[in-house]
Structures are given as structure tokens and as C-alpha cells.
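Trainee: In the numbering used here, the protein residues as written are 1473 to 1930.
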Amino acid sequence: MAKTKTSFFCQNCGHQAPKWLGRCPSCGEWNTFVEEVIQKEEPTKGSWKSSSSLKVAAKPRAIQEINFEEQPRIKTKDQELNRVLGGGIVLGSLILIGGEPGIGKSTLMLQIALTLSNYRVLYVSGEESEQQIKMRAERLAHKSDNCYILTETSTQNIFKQIEQFEPDILIIDSIQTLQSSFIEAGAGSISQVKECAAELMKYAKESGTPVFMIGHITKDGGLAGPKVLEHMVDTVLQFEGDRHLAYRILRTTKNRFGSTSELGIYEMLESGLREVTNPSEILISQRDEDFSGITIGAMLEGNRPLLIEIQSLVSIATYGTPQRSSTGFDAKRLNMILAVLEKRGGFRLGNQDVFLNIAGGLKVEDPAIDLAVCTSIVSSYEDISIPNTVCFAAEVGLGGEVRAVNRIEQRIAEAQKLGFKEIWISKFNAKGLNVDSYDIKIRMASKLEDVFIQILRK
Ligand code: TYD
Ligand code: MG
């Protein structure tokens, strides 16, 4: 009988150590090591194995000799999903969909399974019963004769079914519920999750079947989260959003077959997820009159230009230390912007509470919204509204300078398409820009001051 082998795993980042450690040397968290049994039987018995595993060892080849073909892709009916995957599902790819519980991962995958009616889709669920899945499918109002459900958690049994069934696409809901008999540790533990993912990876690569894996992630990272899987899979999609709001964002954080930071937007309805094809419409709130503190920034997410509303509220701090709070925008960057406004703009913000909010539950990292953030804060501070036909696209430097941003043409074109009358950009973006070819008025600035002088006139 094989000797029982154990190892210690950090439950936060998956770091493996031969003995217990108080503090993880990899992620620095305290008291996260748990002993897990990793008993290996002889490999490949009952796991996914195909004849091609007897392949001749690879030899070096000149790069010119290698034939390049576009990766064959399955185009889904869901344009948002095609976009985040870089143009469709690549055959043989392993895709991880991470997200908090209840955000709609199962709904999204079932909906995709039902719309791909020309492909045999196997939806393996270790979380819900057949009846529960059927109930969800009834709500979704899509019909497919080719979508099959399997409720099973043992990978060995799943592979047995797959060998007979030969699906075109495999969906696993979720990786945390799977269990491989090669590992003793319980489902959801780091070593179990890693082993199951490795087996699925082998299956995907050898059979050429795309595999979607759903993975839960919790706020405190208590569960063996998909973090440890990220380096194993081809593509990582993140499904996020505020559970109390209807909008959901599907974001690419890693993609071996396309660009990252692509974005898909959905709306959660009674009857499933609806693609939002013109997101700027939902990101900019409808209003009859102009309020102070609201401005619009032209940002890019991946290749996609989006106009987004920034709201701020600046009011005198009556309860001691002024508060600074931001939703969807980096708090450190907000502090930097406040310091720039104080020092370079002469605004006395030191005794003010500042609340900043990016509409629609989006998290923005594009520095091009800096100028919109600045004008939003100043607009609220001075209580002067900025017309909702004006938008901004520029970065702000520590010296109060208005800096150029990339792909300015795309941002201007999107603003023009949505009917904006004026866009503020950096003077240093002017090179190579044909200002007269646009209907929208392009205004340029090199310092924050130039912008404020113009827009803060009552
Ligand atoms: P679910 O896909 O179960 O989330 P996850 O798999 O990420 O844990 O979906 C969760 C929520 O979605 C649930 O609160 C109900 C809601 N929902 C709708 O609003 N409309 C629908 O058509 C469906 C199927 C679900
Ligand atoms: Mg689910």
C-alpha cells in the first residue's frame, strides 16, 4: 500500500510547504496553513487518457517553418462573450469564470449552453440538482435539444461519462465541488482544486474540447479560490457587479488567445442575462437638469470606449477628521488628486468630506478619467454644475499638468457618436489629430487651471 503523503497548503494563495508555518512566505498571511493529504496512486489510472499520450517527443523547429493558422473558434450568439474571449471559444481551451456566489455565473453558463444549440454541450453540476437546473432553464426562455446535464462530483466518473458522450463543449459548475480519487483532501481544498483542474486541462488539450470551469471567490479569500488556478488555465474571466444592481460585468484578466482587459456588460433580468450593446447609455444617468459634482469621462476598457459618469460630493466635515471615500476608483489616486487640487488649484479641501462614485458599479483604472474626477470634485466644491454635453479625457499629473492619453481618436469618436458637444483633452494629444474633421468641439488644455477658468464660470 502506498504511504500516506501529506503536505501543508496556504489556504490563501496555495503555497505548499513540507511543514506547518505560522506565516506564509509567499503572501504574508498569518495562520493560513492547513495539512492536506495528497496520496498519489499510480498515475493516469482512470483519469483522462487518450492514445495521443504516446506522442513522439517534440523537436526544435525554426519559427519560419511553423505553419500558422487562425485558432479555430466557436462563435457564440452572445456578442459580449465572444468579445471577452477574443472572438469566440477556442477549441481545446480551458476557461475559468470566477466570481462571488450569487452573481450569476451558473445563469450565464446555462444560458450560453442553451444558445449553442448546434453543439453538444455537457453541463456538469456539483452544486445543484437536475430539477434546480431545469427550473433555471425554464426562466431563461432559450430552448436547445443538445444541452445535457450531469450531476456528479467525481472527476473519474465525469471522464467515464465524457468518453461515451463526447461533448463539443464541457461546463463544470463548479471546480470547488469536484473531487479526484487521487487526492485524499476534501472537495474545495487547494490540493483537490489543483488536481481536478490539472485533469480537466489534460482532457481539454488532448481532446480539443473547450472546457469552462466556474470558480467561487469569496471576499476574505477563505475558500480555495480560483487564484491558484489562474496560472494553469488559458483564459480567466471575472464576473462582477453589485448584487443589488442589475448590471454585471464580464472582464478578461488573462487570455492566451486574445487581448486582456476586454469587457462585456450584461443586465440581469427576470428571464436571464441580457447583453448591453450600448453601455454608455446605462452608465450615464438620465437627468433633466444639471447638478453640481457630476461630470463625464471618456475611458477605454480593453478596446472599447465607454463614457462614464463620475459623481462627487464635497461638503464640510462636521464630524472631526474629514472622510474620503470612493467607489469604483482607487482611493490612493483620489488622495493624490485631492492633494493636486489643494496645492495647484488652491482649493481648500483639507477640511472637507469627499465622496466619489463611479456610476454603474464599474471599477475604473484608466488614468484618462483623472480630469473628469478633478472637475467633478471642483464642481461640487464650488457648487457650479457642468453641462451634461461636456466630457473629459486626460490624465492629471502631480504638477497639475493635463497629460496626453492613448487612443484619443477613439474616445473623441465615441463622445461624438453619443451626441456630446464638447470634449476636453490634453494639448499634447493634438499632434496628428485633425480637429476640423470632428463635429464635436475639441478643447485643449495643458494645465488644470486652463480647464477650471473655462468651465467654472457661472
Ligand atoms: P446564479 O447563476 O445562481 O449565481 P452563481 O452561480 O454565480 O452563484 O444566479 C444568482 C442570481 O441570479 C439569483 O439571485 C437569481 C438571479 N436570477 C435572475 O435575476 N434572473 C434569472 O433569470 C435567473 C436564472 C437568476
Ligand atoms: Mg452557481
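Just so it is clear, CB atoms sit at the ideal spot from N, CA and C, and this is done for glycine as well.
Predicted, not measured: the structure shown is a model, and the values here were computed from it.
Based on Cα-Cα distance, which residue from Glu1881, Lys1815 and Phe1892 lies nearest to Asn1860?
Mentor: Of Glu1881, Lys1815 and Phe1892, the residue nearest in Cα terms is Phe1892.
Trainee: From the DSSP output, which residues share a beta bridge with Ser1797?
Mentor: Its beta-bridge partners are Phe1827.
Trainee: Mind checking whether the beta-carbon of Glu1599 lies closer than 7 Å to any heavy atom of the ligand MG?
Mentor: Yes, the ligand MG has a heavy atom inside 7 Å of this Cβ.
Trainee: Using DSSP with H/G/I as helix, E/B as strand and the rest coil, what is Asn1629?
Mentor: Of the three classes helix, strand and coil, the one that applies to Asn1629 here is helix, per DSSP.
Trainee: Under a Cβ-count criterion, where at least 16 other Cβ atoms within 10 Å of its own Cβ denotes burial, should Ala1865 be classed as buried or exposed?
Mentor: Label assigned to Ala1865: buried.
Trainee: Less than 8 Å between the CB atoms is what I'm expecting for Arg1680 and Leu1563, so what's the real figure, rounded?
Mentor: Here residue 1680 turns out to be Gly, not Arg, going by the sequence shown. The pair is a contact, with the Cβ atoms about 5 Å apart (cut-off 8 Å).
Trainee: Does Asp1645 come out as helix, strand or coil in the three-state DSSP assignment?
Mentor: Reduced to three states, the DSSP call for Asp1645 is strand.
Trainee: Between Ser1918, Gln1710 and Thr1767, which lies nearest to Ile1575 when the distance is taken from Cα to Cα?
Mentor: Minimum Cα distance to Ile1575 is reached at Gln1710.
Trainee: Taking the straight line between their C-alpha atoms, what separation do you get for Gly1872 and Gly1818?
Mentor: Going from the Cα of Gly1872 to the Cα of Gly1818 covers about 11 Å.
Trainee: Please confirm whether any heavy atom of the ligand MG lies closer than 7 Å to the CB of Lys1577.
Mentor: Yes, since a heavy atom of the ligand MG falls inside the 7 Å radius drawn around the Cβ of Lys1577.
Trainee: Below 8 Å on the Cβ atoms is my contact criterion, and I expect Ser1787 with Asp1762 to pass it. Report the Cβ-Cβ distance as a whole number of Å.
Mentor: Contact doesn't hold; Cβ gap of about 19 Å is too wide.
Trainee: Under 7 Å Cβ to Cβ from Leu1910, same chain only, skipping five residues before and after it: list those, please.
Mentor: In the sequence as displayed, the identity of residue 1910 is Tyr instead of Leu. If we look at Tyr1910 and ignore the five residues flanking it on each side, its Cβ neighbours are Ile1884 and Gln1888.
Trainee: For Met1673, does the three-state DSSP call read helix, strand or coil?
Mentor: Residue state, collapsed to three classes: helix.
Trainee: State the Cα-Cα distance for the pair Met1916 and Trp1896, rounded to the nearest angstrom.
Mentor: Rounded to the nearest angstrom, the two C-alpha atoms are 6 Å apart.
Trainee: Out of Gly1687, Gly1769, Arg1720 and Ile1768, which has the shortest C-alpha to C-alpha gap to Ile1569?
Mentor: Ranking the options by Cα distance to Ile1569, first place goes to Gly1687.
Trainee: In the structure shown, what three-state DSSP assignment does Thr1847 receive?
Mentor: In the structure shown, Thr1847 sits in a helix (DSSP, three-state: H, G or I).
Trainee: Using DSSP bridges, identify the partner residues of Tyr1910.
Mentor: In the DSSP output, where bridge partners are listed per residue, Tyr1910 has none listed.
Trainee: On the three-state DSSP scale, how would you describe Lys1815?
Mentor: In the structure shown, Lys1815 sits in a helix (DSSP, three-state: H, G or I).
Trainee: Would you mind reading off the limits of the beta strand (DSSP E) that contains Glu1507?
Mentor: Counting along the chain, the beta strand (DSSP E) containing Glu1507 begins and ends at Phe1505 to Val1509.
Trainee: Give a single yes or no on whether Val1740 has its beta carbon closer than 7 Å to a heavy atom of the ligand TYD.
Mentor: What sits at residue 1740 in the sequence shown is Met, not Val. The answer is yes for Met1740.
Trainee: Can you determine whether any heavy atom of the ligand TYD sits closer than 7 Å to the C-beta of Arg1723, and answer yes or no?
Mentor: The answer is no for Arg1723.
Trainee: Which of helix, strand or coil does DSSP assign to Ala1489?
Mentor: Three-state DSSP puts Ala1489 in a strand.
Trainee: At a cut-off of 7 Å, is Asp1645 close to the ligand MG when judged by its beta-carbon and the heavy atoms of the ligand?
Mentor: Answer for Asp1645: yes, Cβ within range of the ligand MG.
Trainee: Please state if the CB of Ile1880 and the CB of Leu1905 are separated by a distance shorter than 8 Å.
Mentor: A contact, by the Cβ cut-off of 8 Å.
Trainee: Is the beta carbon of Gly1560 less than 8 Å from the beta carbon of Ile1546?
Mentor: Contact flag set, yes.
Trainee: Could you give the first and the last residue of the continuous beta strand (DSSP E) run that contains Arg1776?
Mentor: Start and end: Arg1776 to Ile1788.
Trainee: Which residue from Gly1800, Ile1584, Arg1720 and Asp1855 puts its Cα closest to that of Thr1548?
Mentor: Answer by Cα proximity: Ile1584.
Trainee: Regarding Arg1608 and the ligand TYD, is the C-beta to nearest heavy atom distance less than 7 Å?
Mentor: At least one heavy atom of the ligand TYD is nearer than 7 Å to the Cβ of Arg1608, so yes.
Trainee: What residue range does the alpha helix (DSSP H) around Ala1885 cover?
Mentor: Ala1885 -> alpha helix (DSSP H) spans Ile1880 to Lys1889.
Trainee: Just curious, the beta strand (DSSP E) that Gln1483 is in, first and last residue?
Mentor: From DSSP, Gln1483 is part of no beta strand (DSSP E); its letter is neither H nor E.
Trainee: Give me the Cβ distance between Leu1612 and Gly1730, rounded to the nearest whole Å; I'm assuming they're in contact under 8 Å.
Mentor: Going by Cβ atoms, the distance from Leu1612 to Gly1730 rounds to 27 Å, so no, they are not a contact pair.
Trainee: So what does Met1771 bridge to, in DSSP terms?
Mentor: Paired residues: Leu1778.
Trainee: Under 8 Å between the Cβ atoms of Glu1638 and Thr1623?
Mentor: No, the pair does not count as a contact, with Cβ atoms beyond the cut-off.
Trainee: Does the Cβ of Ser1525 have 16 or more other Cβ atoms within 10 Å, making it buried, or fewer, making it exposed?
Mentor: Here Ser1525 scores only 47 on pLDDT, less than 50, and its place in the model is too uncertain to base an answer on.
Trainee: Verify the contact flag: Arg1611, CB atom, against every heavy atom of the ligand TYD, threshold strictly below 7 Å.
Mentor: Yes, Cβ of Arg1611 sits closer than 7 Å to a heavy atom of the ligand TYD.
Trainee: Counting along the chain, where does the beta strand (DSSP E) carrying Gln1935 start and finish?
Mentor: Within the shown structure, residues of the chain are numbered from 1473 to 1930, placing residue 1935 beyond reach of any answer.
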